[in-house]
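Asker: The structure under discussion is supplied below as structure tokens; questions concerning it will follow.
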Amino acid sequence: MALDSPRLLRADAARNAEKIIRAAREVFTEQGPDAHLDDVARRAGLATATLFRRFPDKAALLRAVLDQRFGENVRPAIQTAAHHPDPASGLSHVLEAALESVAGDYNVLAAARSAGVLTPATGQEFFTALDALLARGQHTGAIRADLVPDDLHRIVVMLVSVLWTMEPREDGWRRYLALVLDGLTPTGARPLPCPAPALHTRTP
13 MALDSPRLLR
23 ADAARNAEKI
33 IRAAREVFTE
43 QGPDAHLDDV
53 ARRAGLATAT
63 LFRRFPDKAA
73 LLRAVLDQRF
83 GENVRPAIQT
93 AAHHPDPASG
103 LSHVLEAALE
113 SVAGDYNVLA
123 AARSAGVLTP
133 ATGQEFFTAL
143 DALLARGQHT
153 GAIRADLVPD
163 DLHRIVVMLV
173 SVLWTMEPRE
183 DGWRRYLALV
193 LDGLTPTGAR
203 PLPCPAPALH
213 TRTP
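The sequence shown lines up with residues 13 to 216 when you count with the working numbering.
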């Protein structure tokens, strides 16, 4: 097989993309929004031109990093929760996985927000999965019946916002997740005081 065959070239490009994404997470974790793509290329052991051929700007690279992290940390939890015998525990597992991922990638998310990457579409897969888990939990009586999907979406935003008030790599966020999870169960739940207001999505 020729060394420059299309198959080998595609494999080489895939390896380079993986190196760049891994290096980007390390560099943005260390440096936050001010990280330079030249530093990412050096960390990956590649020329800057190679990086730009695959990722034309910082936003494209950060989207790839977030997609990879979601695939590694959150999507498997969603798949497990969909078949968990206890829907409430499954939902809890997904929320924990998501917050743990956000906490671990705090500086990456700050960079993504600065680059305008965090749009409503960014979390679409996650929130669609949450809607299905909520419906499953309510069907079995494991989750209070008066919750609507927008409630759960806002709860996630609230929990993520807690991370900006503490050292994100500490486990303090688990305290607030536990408090919220107790509020999702029907046991001892008081009626909610008003309907869920309309959800207005704003770009961070």
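Cβ coordinates follow ideal geometry from the N, Cα and C atoms, glycine included.
Please classify residue 173: is it buried, with 16 or more other beta-carbons within 10 angstroms of its beta-carbon, or exposed?
Answerer: The residue in question, residue 173, is exposed, as its Cβ has fewer than 16 Cβ neighbours within 10 Å.
Asker: Taking 9 Å as the threshold (C-beta atoms), are residue 111 and residue 54 in contact?
Answerer: No, they are not a contact pair.
Asker: Taking contact to mean 3 or more Cβ pairs, one atom from each stretch, closer than 8 Å, check whether the region 193-209 and the region 149-168 are in contact.
Answerer: Yes: at least three Cβ pairs fall under 8 Å.
Asker: With distances taken from CA atoms, which of 109, 65, 100 is nearest residue 83?
Answerer: Residue 83 has its Cα closest to that of 109, out of 109, 65, 100.
Asker: Work out the CA separation of residue 178 and residue 105 for me, nearest whole Å.
Answerer: Answer to the nearest angstrom: the Cα atoms are 22 Å apart.
Asker: For residue 58 and residue 31, what's the separation of their Cα atoms in angstroms?
Answerer: So the two alpha carbons sit approximately 9 Å from each other.
Asker: Once DSSP output is grouped into helix, strand and coil, what is the label at residue 98?
Answerer: In this structure, residue 98 counts as coil in the three-state DSSP scheme.
Asker: Consult DSSP for residue 178 and reduce its assignment to one of helix, strand or coil.
Answerer: Three-state result, residue 178: coil.
Asker: Just to check my reading of the structure: residue 117 and residue 81 have Cβ atoms closer than 8 Å, yes? What is that Cβ distance to the nearest angstrom?
Answerer: Going by Cβ atoms, the distance from residue 117 to residue 81 rounds to 6 Å, so yes, they are a contact pair.
Asker: Put residue 140 into one of helix, strand or coil per three-state DSSP.
Answerer: Looking at residue 140 - three-state DSSP - the assignment turns out to be helix.
Asker: State yes or no: is the C-beta of residue 124 within less than 9 Å of the C-beta of residue 75?
Answerer: Yes, Cβ-Cβ distance for residue 124 and residue 75 is below 9 Å.
Asker: With distances taken from CA atoms, which of 163, 176, 134 is nearest residue 77?
Answerer: Minimum Cα distance to residue 77 is reached at 134.
Asker: Got a sec: is the Cβ-Cβ distance from residue 181 to anything in chain C below 9 Å?
Answerer: Here there is only one protein chain, and chain C is not present.
Asker: For residue 214, which residues of its own chain have a beta-carbon under 6 Å away from its beta-carbon, when the five flanking residues on both sides are left out?
Answerer: With a pLDDT of only 49 at residue 214, under 50, the local geometry of the prediction cannot be trusted, and no value is derived from it.
Asker: Per DSSP, what kind of secondary structure is residue 128 in: helix, strand or coil?
Answerer: If DSSP states are grouped into helix, strand and coil, residue 128 belongs with coil.
Asker: Can you check the region 156-207 for any alpha helix (DSSP H) of at least 4 residues that lies completely inside it and give the ranges in chain order?
Answerer: 161-174, 185-196, all fully within the region 156-207.
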